[in-house]
Amino acid sequence: GDSVTQMEGPVTLSEEAFLTINCTYTATGYPSLFWYVQYPGEGLQLLLKATKADDKGSNKGFEATYRKETTSFHLEKGSVQVSDSAVYFCAHSRTSGGYQKVTFGTGTKLQVIP
Amino acid sequence: EAQVTQNPRYLITVTGKKLTVTCSQNMNHEYMSWYRQDPGLGLRQIYYSMNVEVTDKGDVPEGYKVSRKEKRNFPLILESPSPNQTSLYFCASSLSPEGLAGGPWETQYFGPGTRLLVL
Numbered sequence: 001g002d003s004v005t006q007m008e009g010p011v012t013l014s015e016e017a018f019l020t021i022n023c024t025y026t027a028t029g030y031p032s033l034f035w036y037v038q039y040p041g042e043g044l045q046l047l048l049k050a051t052k053a054d055d056k057g058s059n060k061g062f063e064a065t066y067r068k069e070t071t072s073f074h075l076e077k078g079s080v081q082v083s084d085s086a087v088y089f090c091a092h093s094r095t096s097g098g099y100q101k102v103t104f105g106t107g108t109k110l111q112v113i114p
Numbered sequence: 001e002a003q004v005t006q007n008p009r010y011l012i013t014v015t016g017k018k019l020t021v022t023c024s025q026n027m028n029h030e031y032m033s034w035y036r037q038d039p040g041l042g043l044r045q046i047y048y049s050m051n052v053e054v055t056d057k058g059d060v061p062e063g064y065k066v067s068r069k070e071k072r073n074f075p076l077i078l079e080s081p082s083p084n085q086t087s088l089y090f091c092a093s094s095l096s097p098e099g100l101a102g103g104p105w106e107t108q109y110f111g112p113g114t115r116l117l118v119l
């Protein structure tokens, strides 16, 4: 069945450190891939997405590349800031009979310390 | 401002007392859904709706009901809440994947969440 696996957190980094949050997936067909971010006390908001193999999504210094051969969509940022502290969710989406099925990972909490 | 709103944001209730969590979106989205978020489990879909009067079960529908009488509103109903329904609930909306330019790449827009405690 469909699933998304993320590395467990929390991940604690110092400001300006390099960030990688791993995400792998299993899905039927050719899903779209997403990273959502949840800041404390808020709902999820889209961070970036990629709709086909080898696409790179990017936003706010974050990047992720759709790797079909390894079924992965790892999130990276070269230099994190305290304001990046949040929970990050990897997700994939496919359509089936007019229904958009979105499957989320369990989330990875990132803490950035000054 | 384009947004999804939920009410109430926080709710404490007792077992068996019916409650409704409202959800409204102002983006003319056809597709709406409800999720619950629990530690270690991520987000799991409860119900979804592809349009007015069209609803279907998600992955964890037991103990919940929904209705979609208007395009903008998608309330979540707990007829007889139980402690295992204590959770953080999110409503989300998106364009239809079957729309003119729709597809699995449609972004979901989330409400701010409703934290429910059932005693």
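Line by line, the protein sequences give chains S and D. Numbering of the first sequence is given in my numbering, commencing with residue 1 and proceeding in unit increments. Numbering of the second sequence is given in my numbering, commencing with residue 1 and proceeding in unit increments. Even for Gly, the Cβ is constructed at its ideal location relative to N, Cα and C.
Residues that DSSP places opposite residue i in a beta bridge
| i | result |
| --- | --- |
| residue 65 of chain S | S:56 |
| residue 38 of chain D | D:42 |
Residue from the options whose Cα sits closest to the Cα of residue i
| i | options | result |
| --- | --- | --- |
| residue 104 of chain S | S:37, S:61, S:42 | S:37 |
| residue 93 of chain D | S:94, S:87, S:77, S:100 | S:100 |
| residue 110 of chain S | S:7, S:3, S:2, S:1 | S:7 |
| residue 26 of chain D | D:16, D:5, D:42, D:14 | D:5 |
| residue 53 of chain S | S:31, S:9, S:96, S:1 | S:31 |
| residue 87 of chain D | D:22, D:12, D:73 | D:12 |
| residue 72 of chain S | S:41, S:10, S:27, S:46 | S:27 |
| residue 51 of chain S | D:103, D:114, D:110, D:109 | D:103 |
| residue 115 of chain D | D:20, D:28, D:96, D:73 | D:20 |
| residue 41 of chain D | S:74, S:9, S:93 | S:9 |
| residue 51 of chain D | D:28, D:85, D:39, D:1 | D:28 |
| residue 53 of chain D | D:61, D:60, D:30, D:2 | D:30 |
Cβ-based neighbour list, residue i, same chain, cut-off 8 Å, excluding 5 preceding and 5 following
| i | result |
| --- | --- |
| residue 55 of chain D | 47, 48, 49, 66, 67, 68 |
| residue 43 of chain D | 35, 36, 37, 90 |
Cβ neighbours of residue i in the same chain (closer than 6 Å, five flanking residues each side left out)
| i | result |
| --- | --- |
| residue 58 of chain D | 45, 46, 47, 48 |
| residue 87 of chain S | 38, 107, 109 |
| residue 34 of chain S | 49, 91 |
| residue 2 of chain S | 27, 103 |
Short Cβ contact (8 Å threshold) for residue i with residue j
| i | j | result |
| --- | --- | --- |
| residue 83 of chain D | residue 118 of chain D | yes |
| residue 89 of chain D | residue 113 of chain D | yes |
| residue 18 of chain D | residue 80 of chain D | yes |
| residue 19 of chain S | residue 110 of chain D | no |
Neighbourhood of residue i by C-beta distance below 7 Å, restricted to the same chain and skipping five residues each side
| i | result |
| --- | --- |
| residue 58 of chain S | 48 |
| residue 112 of chain S | 13, 15, 80, 81, 82, 84, 85 |
| residue 94 of chain S | 27, 28, 29, 31, 101 |
Contact between the segment 30 to 46 of chain D and the segment 74 to 85 of chain S is defined here as three or more beta-carbon pairs at a separation below 8 Å; is this criterion met? At 8 Å Cβ cutoff, the stretches do not touch.
Is it a yes or a no for the segment 59 to 75 of chain S touching the segment 14 to 29 of chain S, going by three-plus beta-carbon pairs under 8 Å? Cβ pair count under 8 Å is three or more, so yes.
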